[in-house]
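Notes follow the structure.
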Amino acid sequence: MLDAGDDHTALAAGAGLASSLSGAAPGPRALAVQAIDMTKRFPGVLANDHVSFEAAPGEVHALLGENGAGKTTLCNLLMGLYRPDEGKLFIEGKPARFRSPKDAQDAGIFMVHQHLRLVESMTVAENVVLGAAGARQLRFSPRAVEKAVAEAAARFQMSVDPAARIWQLSLGQRQRVEVLKALCRGARILILDEPTAVLTPQEADQLFSSVRDMAAAGRTVIFISHKLPEVLAVAERVTVLRHGRSVTTVPTAGTGADDLAGLMVGREVSLAPTARVAHEPGPAVLELAGVCARGDLGTEALKDITLQVRAGEILGIAGVSGNGQRELAEVITGLRPTTAGTIRIGGARLAAGGPRAAIDLGVAYVPEDRMGTAIAPDLSIAENLMLKSYRGKARGWGPVLSRRKAIANAQEMMARFDVRAPGPTTLVRQLSGGNIQKVVLARELSCQPRLVVAASPTRGLDVGATQYVRRVLAGTAAAGVGVVMVSEDLDEIFELSDRIAVFYAGRVVGTLKATEADRHRVGLMMAGAT
Amino acid sequence: MTGPLRIERRLDAPGWLKVVVPLASLVLAAIIVAILLLATGHNPLSTYHQMYSAAITADGALSSSFVYATPLLFTGLCAAFAFRMRTWNIGGEGQLYMGAVGASATGLVLGHWPAPLVIIAMVVGGALAGMLWAEIPALLRAYLRTNEILTSLMLNYVAGFVVYYLIYDSGSYWRDLTTPGASVFPTGKTLGPHANWPGITIGSFTLPLGFVLGLGLAVGLFLLVRSTRYGFEMRVMGDAPRAADYSGIRTKRKILSVMAISGGIAGVAGSSQIGDFGHVLDPRGLEQAQYGYTGIVVAALALYNPLAVVLVSLLIGGLTNAGFALEGPSFPTGLVGTMEGIILFTVLGGEILARYRLSWRRRPAPATGTTS
Ligand SMILES: Nc1ncnc2c1ncn2[C@@H]1O[C@H](COP(=O)(O)OP(=O)(O)OP(=O)(O)O)[C@@H](O)[C@H]1O
Ligand SMILES: [Mg+2]
Chain D
1095 MLDAGDDHTA LAAGAGLASS LSGAAPGPRA LAVQAIDMTK RFPGVLANDH
1145 VSFEAAPGEV HALLGENGAG KTTLCNLLMG LYRPDEGKLF IEGKPARFRS
1195 PKDAQDAGIF MVHQHLRLVE SMTVAENVVL GAAGARQLRF SPRAVEKAVA
1245 EAAARFQMSV DPAARIWQLS LGQRQRVEVL KALCRGARIL ILDEPTAVLT
1295 PQEADQLFSS VRDMAAAGRT VIFISHKLPE VLAVAERVTV LRHGRSVTTV
1345 PTAGTGADDL AGLMVGREVS LAPTARVAHE PGPAVLELAG VCARGDLGTE
1395 ALKDITLQVR AGEILGIAGV SGNGQRELAE VITGLRPTTA GTIRIGGARL
1445 AAGGPRAAID LGVAYVPEDR MGTAIAPDLS IAENLMLKSY RGKARGWGPV
1495 LSRRKAIANA QEMMARFDVR APGPTTLVRQ LSGGNIQKVV LARELSCQPR
1545 LVVAASPTRG LDVGATQYVR RVLAGTAAAG VGVVMVSEDL DEIFELSDRI
1595 AVFYAGRVVG TLKATEADRH RVGLMMAGAT
Chain C
35 MTGPLRIERR LDAPGWLKVV VPLASLVLAA IIVAILLLAT GHNPLSTYHQ
85 MYSAAITADG ALSSSFVYAT PLLFTGLCAA FAFRMRTWNI GGEGQLYMGA
135 VGASATGLVL GHWPAPLVII AMVVGGALAG MLWAEIPALL RAYLRTNEIL
185 TSLMLNYVAG FVVYYLIYDS GSYWRDLTTP GASVFPTGKT LGPHANWPGI
235 TIGSFTLPLG FVLGLGLAVG LFLLVRSTRY GFEMRVMGDA PRAADYSGIR
285 TKRKILSVMA ISGGIAGVAG SSQIGDFGHV LDPRGLEQAQ YGYTGIVVAA
335 LALYNPLAVV LVSLLIGGLT NAGFALEGPS FPTGLVGTME GIILFTVLGG
385 EILARYRLSW RRRPAPATGT TS
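Those sequence lines, one after another, are chains D and C.
For what it's worth, the numbering used here labels the leading residue of the first sequence as 1095, then goes sequentially.
For what it's worth, the numbering used here labels the leading residue of the second sequence as 35, then goes sequentially.
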């Protein structure tokens, strides 16, 4: 398969040669990417407004900006997914006008999207060849491809089983497959749109070392992240976008996180952690006793879980992804049946009636997989905001829903959570990644819950929105709500939690008071030590 | 490698395409059909004029276009409603047969009641029969996760056999056993005068009662989907089934109830066939018309919008009517069918292509002049 990738490269180079022979003027310098005044309008939104930036071969270049600043749109323009309304693009010195991602891929540009795009029922190897040059030649031999994928994985230190089916993999592993797919198919310029949002810190570190390897081998990596320390650690230069415009490009050397945050927002911002007010927790709102449940593959994913969360308390669930955290959240919210044990919410036993029973008991849920589970992408913001409350009296008369009330409510929530969109009737599909997260959070945190279950609540949010959501979570707890927060981000866990429960292999290996826990200890417990 | 013609998915389709594409498709269809007509030695202009008059202007033409449109209105609504939730009820055909069985039974049994009551009873009888028939694939889908496309399709054939059995192979209640020729030429019992649905006559134009009923139904379904809690649940389920589970929608019940409504509508199509037009359970007539299957095309062309179904059913009803008028010694049935097929194919193709962008790619020619 690597061979196929190479001859792909040769082909693309051939096409490039042809176009330069046919009289096209080469760009000023042989930069890997040079975008000049790229502009893209959507109905009601100027997503990219004369954005310019450039990246040299072997450079890791970061794009930074608030949610909705236009980063993904810019990448989609580079990939030929959208056509720019204005602007010029030079790839490796040659003018590029891509009509489809295929053209961009022929020119060696590949993108790993914010929302992963793999065929879930297929194997890793099949996904890698899907749409690649080799696949058309009817020479598809699963063995050979699997071997090639394994080799590429070893070369870039990304372990993944080529024969595994995508649905069996964690989000982090899936993303590794996307990167491998691009590398196997001859990527010289790789765009990573918020790759670390779905990764554990360890996985992110692995990705960074792979990214450095790629850059050292002369590849260009365009990298988007909201986590400023990451940007400073991997990228050489950063282009900051604000409200669709490219504000500036700065080298990371000699730049601090608060400088970047200031550039992004346009004024000085403080990156101070959220303050938790100490207070006495109330009665238990969530009690799990001896709960067991099966995972998607039919194996036991939760083993004899006993937990308690009291009103006004934030319980942080730490653990490496795939150790039962998702199943725990689903069991509490009624989406997954238990095989043993009891769950009580506010003293009432959670009947095996599916999610409706949990919702009626006042459980709000921000799931890990927002796009797949928590959102109907083809419905409007207003409709998505009432996904859980549409049954309530306040929403209309008898069987009829009030459109006016839905819009008014949406406007209020959008203002409160700073959802940036043309209006409440905009389809959620058209929002930027971070703004979709905000819609979910706005809905779940504003329904006056008794218990909030939130998985990676700040994933994909920009610096300001992250702080806001953390403040809201702290405020929710202060108002007497119990919060279960699943996160792989230990900083987040330590910043917000009152107590920390560490998961390993479907069990709680220990519960610590946040004030008494230290990172090293929690890290060891996450690896299975008790 | 790739040819010069390229088809790309549109990520940002402009709104005006929705209006322009169907119109352009119709024009294109007219051009293709004109070529076909020329090739077969017919004058396209006079043929189009003939069709126009046969569908609209001739004596009684408009009324008879509505006769063809009426069943399509119901079966189109049946499919459009279920498809809106991505519940693929292909069983409108069989549900229509069962509706006809139910409506003729109630019409025969209660024939001595006052006419309005008999009509109501026939509507209810047809709807119930269609509903029950639709619940079979619905239950299988909801509780055993079988594919409703296959089960509902198979049940069309079963329903066909049931109707044939009732009239041709048994001494059933529906069969007429009293008239002398009945054992040689089996027919159904003719319904009494109270079971004949009155039309609404304006001058020389008669609107079938069934069409009025269908019109009301279309408006009702449109409002149901657009502005009720019930419709909201349908839209969530159609767009994101997992989000539906997550938001506490009882998805199994929802499948059962949507299929019941969809099947009930097809059942009323059967009622209308008996009450408005046939007045007798006629297996052959029902089977040849294939209203259930055409309804799927109607729904697709209407983009599952109940109000659009009204217009599309009239278009196709008129086309069918005009087609029958054209048939004759110099104009074979096959040609009529081909024309209708081309028109449907073009319009449907236009709908699909509207979501894509077509382009010719000019490849930079290699300087040496060799071709790859
Ligand atoms: N297909 C589309 N149709 C309409 N508007 C769109 C579309 N795609 C993006 N937008 C709008 O363009 C703007 C920029 O979106 P973009 O996805 O580029 O933001 P982003 O910088 O990637 O943000 P995030 O950090 O939240 O992912 C947003 O206001 C978004 O709503
Ligand atoms: Mg984005």
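We put the CB at the ideal spot given by N, CA and C, even for glycine.
The Cβ atoms of Ser99/C and Gly351/C sit closer than 8 Å to each other. In the three-state reduction of the DSSP assignment, Trp122/C falls in the coil class, being assigned neither a helical nor a strand state. Look at Lys1482/D: its C-beta is under 8 Å from a C-beta on chain C. With its beta carbon at least 8 Å from every one in chain D, Gly254/C lies outside the interface. From the beta-carbon of Gly1466/D, the residues of chain C found nearer than 7 Å are Arg276. CA-CA distance, Met132/C to Trp167/C, rounds to 7 Å.
Gln1269/D and Gly1456/D have their C-alpha atoms some 34 Å from each other. Neighbours of Tyr264/C across chain D, judged by C-beta separation under 7 Å: Pro1493. Under a 10 Å Cβ-count criterion, Thr235/C is classified as exposed, with fewer than 16 other Cβ atoms of the shown protein chains found around its own Cβ. Neighbours of Ile1453/D across chain C, judged by C-beta separation under 7 Å: Gly282. Neighbours of Arg269/C in chain D, taken as residues at a C-beta separation under 7 Å, are given in chain order as Leu1473. With a threshold of 8 Å between beta carbons, Ser261/C makes contact with chain D. Per DSSP, Phe311/C lies in no alpha helix (DSSP H) and is assigned neither H nor E. Inclusion of Gly1162/D and Ser1550/D in the CB contact set at 8 Å is not warranted, their separation being larger than that value. Taking C-beta separations shorter than 7 Å and ignoring five residues to either side along the sequence, the partners of Ala176/C in its chain run Lys286, Ile289, Leu290, following chain order. Against chain C, a Cβ distance below 7 Å from Pro1178/D picks out nothing, because the smallest value is about 12 Å. Counted as a single uninterrupted DSSP element, the stretch harbouring Lys1607/D is not any alpha helix (DSSP H) but the beta strand (DSSP E) occupying residues 1601 to 1607. With a cut-off of 7 Å, the C-beta of Ala1515/D is classified as near ligand 1, since at least one heavy atom of the ligand falls inside that distance. Residue pairing by DSSP leaves Pro1543/D without any beta bridge partner. DSSP places Pro1178/D outside both helix and strand once states are collapsed to three, so it counts as coil.
The closest CA to that of Ile1203/D, considering only Glu1297/D, Gly1418/D, Cys1278/D, Ala1141/D, is found on Cys1278/D.
The Cβ-Cβ distance between Thr1290/D and Leu1274/D does not fall below 8 Å. Contact check for Glu1153/D and Gln1128/D: beta-carbon distance about 12 Å, past the 8 Å limit, so the pair fails to qualify. For Lys1134/D, the Cβ stays outside the 7 Å cut-off from all heavy atoms of ligand 2. Interface annotation, Leu1183/D: not in contact with chain C, CB-CB separation never under 8 Å. No heavy atom of ligand 2 is found nearer than 7 Å to the CB of Asp1512/D. For Asp279/C, a Cβ of chain D is located within less than 8 Å of the residue's own Cβ. Counting only Cβ-Cβ distances below 8 Å, Asp273/C has contacts in chain D at Ala1470, Pro1471, Asp1472, Leu1473, in chain order. In the three-state reduction of the DSSP assignment, Val218/C falls in the coil class, being assigned neither a helical nor a strand state.
A straight line joining the alpha-carbon of Tyr207/C with that of Glu267/C spans about 42 Å. An exposed status is given to Thr1342/D, since fewer than 16 other beta-carbon atoms sit within 10 Å of its beta-carbon. Its Cα nearest to that of His313/C, the residue His228/C stands out among His228/C, Ser364/C, Thr372/C. Counted as a single uninterrupted DSSP element, the beta strand (DSSP E) harbouring Arg1388/D occupies residues 1378 to 1388.
The beta carbon of Val1213/D lies closer than 8 Å to those of Glu1220, Asn1221, Leu1224, Ile1260 in the same chain, with the five residues before and after it left out. Annotation: the stretch 1547 to 1573 of chain D contains the following complete segments of the alpha helix (DSSP H) (minimum length 4 residues), in chain order: 1557 to 1572. Neighbours of Arg1450/D across chain C, judged by C-beta separation under 7 Å: Gly282, Arg284.
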